[in-house]
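Protein chains in written order, with my numbering: chain A, 1 to 204; chain B, 1 to 204.
Just so it is clear, CB atoms sit at the ideal spot from N, CA and C, and this is done for glycine as well.
Keep in mind it's a predicted model, so treat the numbers as computed, not measured.
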DNA sequence: CCTTGACTTGACCATATGGTCAGAAATTCC
DNA sequence: GGAATTTCTGACCATATGGTCAAGTCAAGG
């Protein structure tokens, strides 16, 4: 009877190192493009040792995706039906942009997955994301019906928020190349622009 | 002296079939994820025969990318400094959305490339895209200075247009899953929503 | 110190993959 | 029809890759 004892410090440390390395590699190359050797090297472990902590490449990827979904949905969950409509939407935009700035690799991991047809997370999307979006869309539609927001199809409004904010993580290379920036200063410019854009669009 | 004679019908037909198949595969799996066997099968050719027409996997990808850039930049080129500002921008939005609807694979090929750090097209971006964006941004800034457009940092305006329109191609799976659509009807809804969004944002 | 169990690794395997090559089949040209 | 040229293919190769395994190392408890 090997009952699972609490994670040892070594387990904790190495699992973290693996997931950190895997995030780096998967987000840059996609699932098929990533190799265990790359991940192992970045994690500072041997390949067999990787496979001591995770049973397969799939499992590493699955662990990352699982941890990702919650973080990715939370900003929308926080949209408060009781708040002031325009400010609630703007706060959501800011939270999403924040994620792009602070967790660009997670954003790209997600983008890679969707781009490739979402084979590993389609059920999570229809099972979790869709209901949440429908719920919040109803809230937004109500605000619009009450005249507290200018009318705009709520689903497409949400899509546009996802698109404009995630763009700064997913297309980071392009954004930097076009702006000619090295640093992250464009994020505050982006926030300013997006806040103006959505305020004008949504103020009744 | 084998001087290159004009392409035969067979060459024409097979090269096209290969590029068509490669577009399908590269756009779905990225460069590293795609395999010559997949491309060969989709093109209805044997792998050695593929390599009779193109010297390497790289070359096939390069041929696709080269053909892509022009199509991708043209809609922005058409932005006319002599036109009516708001309508010019809206026409640009419509053209970009049109591309997402009609050439989603090309959009995803591009997205894959950028996501993975744009190793094969970064120079094209800084060499062609950036100057074009800077030029058109100047036009837009001028319109804003003249009071013919509401002010908004032009580069970020353009980013937002790219993001919102390409989203419908790149994140197609997610869009469909959230909306629950099978068909393409959401494209006309998207156009309506984006036109409203940018009209409100930009009308002085 | 020594046993126990967690941790680590070199060597290895089967398969996939990009690419080559000699020659066969088709096509074109005279 | 037959030579010349283009098109095509089976067999093959070197390397990369996900994964296994037996045996080793190491840390902690007794």
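For residue i and residue j, I'd like the C-alpha separation in whole angstroms.
{"i": "residue 33 (chain B)", "j": "residue 96 (chain A)", "result": "29 Å"}
{"i": "residue 165 (chain B)", "j": "residue 49 (chain A)", "result": "44 Å"}
{"i": "residue 150 (chain B)", "j": "residue 196 (chain A)", "result": "10 Å"}
{"i": "residue 86 (chain A)", "j": "residue 199 (chain A)", "result": "7 Å"}
{"i": "residue 130 (chain A)", "j": "residue 123 (chain A)", "result": "10 Å"}
{"i": "residue 119 (chain A)", "j": "residue 120 (chain B)", "result": "26 Å"}
{"i": "residue 28 (chain A)", "j": "residue 68 (chain B)", "result": "22 Å"}
{"i": "residue 202 (chain A)", "j": "residue 163 (chain B)", "result": "19 Å"}
{"i": "residue 172 (chain B)", "j": "residue 8 (chain A)", "result": "43 Å"}
{"i": "residue 174 (chain A)", "j": "residue 156 (chain B)", "result": "12 Å"}
{"i": "residue 113 (chain A)", "j": "residue 82 (chain B)", "result": "42 Å"}
{"i": "residue 117 (chain B)", "j": "residue 134 (chain B)", "result": "22 Å"}
{"i": "residue 176 (chain A)", "j": "residue 170 (chain B)", "result": "20 Å"}
{"i": "residue 179 (chain B)", "j": "residue 192 (chain B)", "result": "16 Å"}
{"i": "residue 10 (chain B)", "j": "residue 107 (chain B)", "result": "29 Å"}
{"i": "residue 89 (chain B)", "j": "residue 42 (chain B)", "result": "39 Å"}
{"i": "residue 51 (chain A)", "j": "residue 31 (chain A)", "result": "17 Å"}
{"i": "residue 17 (chain B)", "j": "residue 104 (chain B)", "result": "18 Å"}
{"i": "residue 99 (chain A)", "j": "residue 194 (chain A)", "result": "15 Å"}
{"i": "residue 45 (chain B)", "j": "residue 182 (chain B)", "result": "32 Å"}
{"i": "residue 6 (chain A)", "j": "residue 12 (chain A)", "result": "With a pLDDT of 49 at residue 6 (chain A), under the threshold of 50, the modelled position of that residue is not reliable, and no figure is offered here."}
{"i": "residue 143 (chain A)", "j": "residue 15 (chain A)", "result": "45 Å"}
{"i": "residue 84 (chain A)", "j": "residue 71 (chain A)", "result": "24 Å"}
{"i": "residue 66 (chain A)", "j": "residue 138 (chain B)", "result": "44 Å"}
Which residues bound the alpha helix (DSSP H) around residue i?
{"i": "residue 40 (chain A)", "result": "36-43"}
{"i": "residue 100 (chain B)", "result": "85-102"}
{"i": "residue 183 (chain B)", "result": "It is not in any alpha helix (DSSP H) - residue 183 (chain B) carries neither H nor E in the DSSP assignment."}
{"i": "residue 48 (chain A)", "result": "47-53"}
{"i": "residue 7 (chain B)", "result": "No alpha helix (DSSP H) contains residue 7 (chain B), which DSSP labels as neither H nor E."}
{"i": "residue 74 (chain B)", "result": "57-77"}
{"i": "residue 135 (chain B)", "result": "130-145"}
Skipping 5 residues on each side, what residues in its chain have a beta carbon closer than 8 Å to that of residue i?
{"i": "residue 208 (chain B)", "result": "Residue coverage of chain B in this structure runs from 1 to 204, which leaves residue 208 (chain B) outside it and unanswerable."}
{"i": "residue 64 (chain A)", "result": "19, 22, 23, 26 and 109"}
{"i": "residue 128 (chain A)", "result": "69 and 73"}
{"i": "residue 204 (chain B)", "result": "147, 148, 149 and 150"}
{"i": "residue 47 (chain B)", "result": "36, 37 and 40"}
{"i": "residue 152 (chain B)", "result": "144, 201 and 202"}
{"i": "residue 184 (chain B)", "result": "101"}
{"i": "residue 132 (chain B)", "result": "73, 76 and 77"}
{"i": "residue 62 (chain B)", "result": "120"}
Which same chain residues, not among the five before or five after residue i, have their C-beta less than 7 Å away from its C-beta?
{"i": "residue 220 (chain B)", "result": "Residue 220 (chain B) falls outside the range modelled here, since chain B spans only 1 to 204, and no answer is possible."}
{"i": "residue 161 (chain A)", "result": "92, 93 and 96"}
{"i": "residue 57 (chain B)", "result": "36"}
For residue i, I'd like the list of residues in its chain whose CB is within less than 6 Å of its CB, leaving aside the five on either flank, ordered along the chain.
{"i": "residue 211 (chain B)", "result": "This structure leaves residue 211 (chain B) out entirely; chain B is present only between 1 and 204."}
{"i": "residue 54 (chain B)", "result": "60"}
{"i": "residue 38 (chain B)", "result": "25"}
{"i": "residue 125 (chain B)", "result": "none"}
{"i": "residue 101 (chain B)", "result": "187"}
{"i": "residue 111 (chain A)", "result": "170"}
{"i": "residue 115 (chain A)", "result": "none"}
Put residue i into one of helix, strand or coil per three-state DSSP.
{"i": "residue 2 (chain A)", "result": "In this prediction, residue 2 (chain A) has a pLDDT of 32, which is less than 50 and means its spatial position is unreliable; nothing more can be read from the coordinates."}
{"i": "residue 171 (chain A)", "result": "coil"}
{"i": "residue 121 (chain B)", "result": "coil"}
{"i": "residue 190 (chain A)", "result": "helix"}
{"i": "residue 115 (chain B)", "result": "helix"}
{"i": "residue 82 (chain B)", "result": "coil"}
{"i": "residue 21 (chain B)", "result": "helix"}
{"i": "residue 106 (chain A)", "result": "helix"}
{"i": "residue 16 (chain A)", "result": "helix"}
{"i": "residue 150 (chain A)", "result": "coil"}
{"i": "residue 203 (chain A)", "result": "coil"}
{"i": "residue 196 (chain B)", "result": "helix"}
So is the beta-carbon of residue i under 6 Å away from any non-hydrogen atom of the ligand MN?
{"i": "residue 121 (chain B)", "result": "Questions concerning the ligand MN fall outside what the structure shown contains, since it holds no ligand whatsoever."}
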